[in-house]
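Residue numbers (the working numbering): 1168 to 1440. Using N, Cα and C, we set each Cβ at its ideal position, and we do this for glycine too. Reviewing the structure listed below.
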């Protein structure tokens, strides 16, 4: 297991711009509120990127395609699909601009057809916030969202917004001694300070004592004191150790297996390279 970085070389966590990704699939009000909360705290710009899936638009243009309105059960012409997406785009733009105006932040809005890529201007010091769950329908059934796949490949920090309650909870950081885990700890420290939340550090069970001791200077002056726990063995052990802390936010290195945090559903997840 890699040793932790020394205190003098410990990285920081800085954000140039908060970007919220939007589409026709998810209800983005909470993601926009979260983006503007961070932009207000850090005095930075906020940007919205509305992604229009090219496959969905192409499908709507095919002859014979019909939409089913789940509210009424009625059939709608497929040609109305692009009109409906445009209406959702306008609504998202309005909600973002209104929220940014309330905090006095500079706001921008972009429409990306096909997906988020380098043409949208995302940089390594941007924080991308995405809604990780879709609107349920037909008694709670919901399709998977594209954002989970995006987060796995992103070169910048990605916050998956998954919370469905306002219950309080700590910021938890999963740490395996790697350089990416050091960056995750830097982010967790800042977010816990900014939000006034307790900090929990969940360490790999095979992290050596010297590496754990090297983390102490970053934790010793915290009030309330940071809680340090060892993860149980295997992926299930990580998951159980994390769930026991009941976190509101989990900060993880991007290369850490998803199984370590995915089973803690009522927590947002910040993924860092």
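Exclusion of the five residues before and after residue 1343 leaves 1371 as the residues of its chain whose Cβ lies within less than 6 Å of its Cβ. Taken through DSSP and simplified to helix, strand or coil, residue 1379 comes out as helix. For residue 1276, the secondary structure class from DSSP, reduced to helix, strand or coil, is strand. Runs of alpha helix (DSSP H) with 4 or more residues, each lying fully within the stretch 1319 to 1381, are found at 1346 to 1362, 1376 to 1381, listed in chain order.
The alpha carbon of residue 1182 has as its nearest neighbour, out of 1415, 1422, 1354, 1197, the alpha carbon of 1354. Only residues of its own chain outside the window of five on either side were considered, and among them 1322, 1323 have a CB closer than 7 Å to the CB of residue 1291, listed in chain order. Here DSSP, grouped into helix, strand and coil, assigns residue 1265 to helix.
Checking the DSSP bridge columns, you'll see residue 1416 partnered with 1338, 1435. For residue 1357, the CB contacts under 6 Å within the same chain, skipping 5 residues up- and downstream, are 1180 in chain order. Nearest Cα to residue 1272 within the set 1335, 1406, 1202: 1202.
Within the same chain, Cβ atoms closer than 8 Å to the Cβ of residue 1352 are found at 1177, 1340, 1342, 1368, 1382, 1385, 1418, the five residues on either side in sequence being excluded. Following the DSSP letters along the chain, one finds residue 1204 inside the alpha helix (DSSP H) bounded by residues 1196 to 1209. Residue 1279 is a Cβ neighbour of residue 1216, given a cutoff of 8 Å.
If you check the CB distance, residue 1293 and residue 1184 come in under 8 Å.
Around the beta carbon of residue 1261, fewer than 16 other beta carbons sit within 10 angstroms, so the residue counts as exposed. Contact between residue 1407 and residue 1400 does not hold, since the beta-carbon distance rounds to 10 Å and is not under 8 Å. DSSP places residue 1295 within a strand segment (E or B) once states are collapsed to three. A Cβ-Cβ contact shorter than 8 Å links residue 1186 with residue 1295.
Rounded to whole angstroms, residue 1265 and residue 1188 show a C-alpha spacing of 16 Å. In the three-state reduction of the DSSP assignment, residue 1215 falls in the strand class.
For residue 1189, the enclosing beta strand (DSSP E) begins and ends at 1184 to 1189. Relative to residue 1423, the option among 1433, 1439, 1415 whose CA is nearest is 1439.
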